[in-house]
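Participant:
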Amino acid sequence: MHLRNVALFCEVVTRSSFSKAAEAHRVSQSAASQAVQTLEDRVGTVLIDRSQRPLSLTPAGQIYYDGCRRMLEAFRQVEERVFEISDRVIGRLRVAAIYSVGLLEMTDSIARFGEAFPDVSLTVDYVHPDEVYRSVQDGEADLGIVSFPRAGEFQVVPWKEQPMTIVVPPQHRFASQSILPLDDLNGETFVGFCRDLKVRRQIDKWLKAAGVSVDVVHEFDNCEHIKRAVEAGSGIAILPVPTLRRELSQASLVAVDPDGVDWQRPLGFIHRRNLQPTVAALRFIEMLEVTTNV
């Protein structure tokens, strides 16, 4: 049994797609399909129900998948120990990151990482925060990047803190002010993050601590949509300063510092607590720490 076939099978299951699994492994879709068929021929039963959309595992397939995942993880750990002895950085690194981590910063860091470690196959997916945690927990991602990282079943590696500021459209009456007393926010129309996000809960705590009540009229799960709504005049918002670089340079938005407070959004890396990060993951963390600014 070839490990490549096992890896492709697990990828098909986690992505619920032959085409996406093939793309991730840089093979044709027919090659991915053949790999799964080879395993099914070996065990004499169907592992994946192809009549379902999305694809689903058969009972036998679930047992096989659980065992294959453990086997691949054990093999990865053995390889890591050998690579450490020879000081090699090689293999595959899958990263799941929140949308607002900073595409410009990440693009530069990814390019630098590829130049420094050409033997590492790096993929970065930008997803909802809940999806970052799920991907890491389920083994679909080796490393996650989130804001306000939570521990529990995850090991957290702090990265950096980003200042948060009040954001208004240029025509707003606050736009002419460099510093804004928090009391002035009372009753303001706000565009906020969705209530289930940690960043939204933290912003609510900040406002409550200041005795401020706002009228949230729109909620989004990412900074980009919030910025577009503020530009359209739907309200004002509180956002991380680094996510505003383009809009501030183009004067489509104005940042106003809150008076007397220091609002910060912590960013951090997460990985499964019971799993030692790979050398590639550690080097990626080091690369981001060196090449990105607050």
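Numbering (this note's numbering), first residue to last: 3 to 296. We put the CB at the ideal spot given by N, CA and C, even for glycine.
Rounded to whole angstroms, how far is the Cβ of His174 from the Cβ of Val193, which I believe are closer than 8 Å?
Facilitator: On the sequence shown, residue 174 is found 172 positions in, with the first residue counted as 1. On the sequence shown, residue 193 is found 191 positions in, with the first residue counted as 1. That pair is no contact at about 12 Å.
Participant: For Ser21 and Gln31, which I take to be in contact (beta-carbon distance under 8 Å), what is that distance rounded to the nearest angstrom?
Facilitator: Reading the sequence shown from its first residue, position 19 is the one you call residue 21. Reading the sequence shown from its first residue, position 29 is the one you call residue 31. Right, the Cβ-Cβ distance comes to about 5 Å (below 8 Å), so this counts as a contact.
Participant: Count Cβ pairs between the region 138-151 and the region 91-100 that sit closer than 8 Å; are there 3 or more?
Facilitator: Contact between the region 138-151 and the region 91-100 is present, because at least three Cβ pairs lie under 8 Å.
Participant: Can you name the start and end residues of the beta strand (DSSP E) that Val138 belongs to?
Facilitator: Position 136 of the sequence shown, counting from 1, holds the residue named residue 138. Here Val138 belongs to no beta strand (DSSP E); instead the alpha helix (DSSP H) covers Pro131 to Gln139.
Participant: With three or more beta-carbon pairs closer than 8 Å as the criterion, would you say the region 54-64 touches the region 253-265?
Facilitator: The answer is no - the region 253-265 does not touch the region 54-64, with fewer than three Cβ pairs under 8 Å.
Participant: If you draw a straight line from the alpha carbon of Val15 to that of Asp217, how long is it in whole angstroms?
Facilitator: On the sequence shown, position 13 is the one that residue 15 refers to. On the sequence shown, position 215 is the one that residue 217 refers to. Each residue's alpha carbon lies about 44 Å from the other.
Participant: Measuring CB to CB, does Val91 end up less than 8 Å from Phe271?
Facilitator: Residue mapping note: residue 91 aligns to position 89 of the sequence shown, counting from 1. Residue mapping note: residue 271 aligns to position 269 of the sequence shown, counting from 1. Going by C-beta atoms, Val91 is not nearer than 8 Å to Phe271.
Participant: Which residues mark the beginning and the end of the alpha helix (DSSP H) in which Glu163 is found?
Facilitator: In the sequence shown, counting from the first residue as 1, residue 163 sits at position 161. That residue, Glu163, is in no alpha helix (DSSP H); its beta strand (DSSP E) goes Phe156 to Val170.
Participant: Per DSSP, what kind of secondary structure is Arg267 in: helix, strand or coil?
Facilitator: Your numbering for residue 267 matches position 265 in the sequence shown. Reduced to three states, the DSSP call for Arg267 is strand.
Participant: Which runs of the beta strand (DSSP E) at least 3 residues long sit entirely within the region 221-291? Give them in chain order.
Facilitator: For the region 221-291, whole beta strand (DSSP E) runs of length 3 or above, ordered along the chain, are 239-242, 256-260 and 266-274.
Participant: Jot down the residue ranges of each uninterrupted beta strand (DSSP E) in the region 55-112, minimum 3 residues, whole runs only, in chain order.
Facilitator: Whole beta strand (DSSP E) segments, 3+ residues: 93-100.
Participant: DSSP on Phe192, reduced to helix/strand/coil?
Facilitator: Translated into the one-based positions of the sequence shown, residue 192 becomes position 190. Here Phe192 sits in strand by DSSP.
Participant: Please go through the same chain and pick out, in chain order, the residues whose beta-carbon is closer than 7 Å to the beta-carbon of Ile287, but skip the five residues on each side of it.
Facilitator: The sequence position of residue 287 within the sequence shown is 285, counting from 1. Cβ neighbours of Ile287 beyond the five flanking positions: Val159 and Phe271.
Participant: State the DSSP-derived secondary structure class of Gly213, mapped to helix, strand or coil.
Facilitator: For the purposes of this step, residue 213 is identified with residue 211 of the sequence shown, where counting begins at 1. Residue state, collapsed to three classes: coil.
Participant: Using a 10 Å radius around the Cβ and a threshold of 16 neighbouring Cβ atoms, would you call Cys196 buried or exposed?
Facilitator: In the sequence shown, the residue the question calls residue 196 occupies position 194. Exposed is the call here.
Participant: Could you round the C-beta distance between Thr245 and Ser102 to whole angstroms and report it? I think they count as a contact, below 8 Å.
Facilitator: Here residue 245 is taken as the residue at index 243 of the sequence shown, counted from 1. Here residue 102 is taken as the residue at index 100 of the sequence shown, counted from 1. Indeed they touch by this definition, with Cβ atoms about 5 Å apart.
Participant: From which residue to which residue does the beta strand (DSSP E) around Val29 run?
Facilitator: For the purposes of this step, residue 29 is taken as the residue at position 27 of the sequence shown. Unbroken run through Val29: none, as it is neither H nor E.
Participant: Might you give, ordered along the chain, the residues of its own chain that have their beta carbon closer than 8 Å to the beta carbon of Cys12, omitting 5 neighbours on each side?
Facilitator: On the sequence shown, position 10 is the one that residue 12 refers to. So the qualifying residues of the chain are Tyr67, Cys70, Arg71 and Leu74.
Participant: Select from Gly116, Asp127 and Val84 the residue whose C-alpha is nearest the C-alpha of Ile100.
Facilitator: For the purposes of this step, residue 100 is taken as the residue at position 98 of the sequence shown. The candidate whose alpha carbon is nearest that of Ile100 is Asp127.
Participant: What are the residues that DSSP puts in a beta bridge with Leu184?
Facilitator: Here residue 184 refers to the residue found at position 182 when the sequence shown is read from its first residue. DSSP output for Leu184 lists no bridge partner at all.
Participant: Is the region 164-178 touching the region 224-232 in the sense that three or more CB pairs, one from each, lie closer than 8 Å?
Facilitator: Yes, the region 224-232 touches the region 164-178.
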